[in-house]
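Residue numbers (my numbering): 305 to 479.
A short worksheet on the structure shown next.
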Ligand code: 5GP
């Protein structure tokens with residue numbers, strides 16, 4: 305499949321993703337059996353993963369989609385990233401961030417810090433994919449679907465310049 309200037313080849317099959325999603329949901333059911341967590345999918349990339357995941361979770365839970373707003377500060381602070389779209393108070397709540405992919409983990413670290421500062425009871429992360437750098441830096445991701453090498457992936461919600469999100473499987477860029 306060609307998207308703009310890049311050629312992609314099949315990587316993770318739809319049925320393997322669905323199997324993995326069920327396994328992740330089962331673990332969340334066990335770990336949060338006596339709690340009512342709030343799932344916080346980060347848009348846009350995680351919308352398909354989040355939709356499939358919540359269908360497999362059987363315990364009581366809430367879902368609230370959020371976005372990350374990246375902007376350049378007026379000072380020389382560089383890029384600041386904050387969560388937007390939070391509609392309810394997260395104070396005293398158990399939060400599960402739903403991410404499509406963790407690469408350097410920098411985005412995630414900022415979000416986790418921000419959520420902790422809001423007085424949440426606990427903050428964990430479920431990521432469908434995790435790349436080597438995050439693994440090496442020990443970025444804490446409690447639930448990981450697939451560990452992958454440092455390659456560019458597409459599909460199942462993940463995009464290349466806004467394109468290619470609409471597949472039921474994951475592809476990777478040809479070397
Ligand atoms: P991090 O802050 O962990 O380096 O970046 C994470 C974000 O970068 C992800 O939520 C995703 O939007 C984007 N990203 C990282 N790696 C890939 C990739 O291989 N493919 C796509 N489509 N997006 C990626």
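In this text, a Cβ means the ideal position worked out from N, Cα and C, and glycines have one as well.
Quick caveat, the model's predicted, so the values are computed rather than measured.
Residue range of the alpha helix (DSSP H) that residue i falls in?
| i | result |
| --- | --- |
| residue 357 | 351 to 360 |
| residue 410 | 410 to 421 |
Is residue i near the ligand 5GP, judged by its Cβ being under 7 Å from some heavy atom?
| i | result |
| --- | --- |
| residue 456 | yes |
| residue 389 | no |
| residue 405 | yes |
| residue 309 | no |
| residue 386 | no |
| residue 438 | yes |
| residue 471 | no |
Buried or exposed: where does residue i fall if 16 or more other Cβ atoms within 10 Å of its Cβ makes it buried?
| i | result |
| --- | --- |
| residue 356 | buried |
| residue 403 | buried |
| residue 483 | Examination of residue 483 is not possible in this model, given that the chain is present from 305 through 479 alone. |
| residue 395 | exposed |
Start and end of the beta strand (DSSP E) containing residue i?
| i | result |
| --- | --- |
| residue 404 | 398 to 406 |
| residue 450 | 447 to 452 |
| residue 392 | No beta strand (DSSP E) holds residue 392; DSSP gives it neither H nor E. |
| residue 435 | 426 to 435 |
To which residues does DSSP link residue i through a beta bridge?
| i | result |
| --- | --- |
| residue 314 | 475 |
| residue 464 | 467 |
| residue 366 | 342 |
My assumption, with CB atoms under 8 Å, is that residue i sits in contact with residue j. Please give the rounded CB distance.
| i | j | result |
| --- | --- | --- |
| residue 435 | residue 407 | 5 Å |
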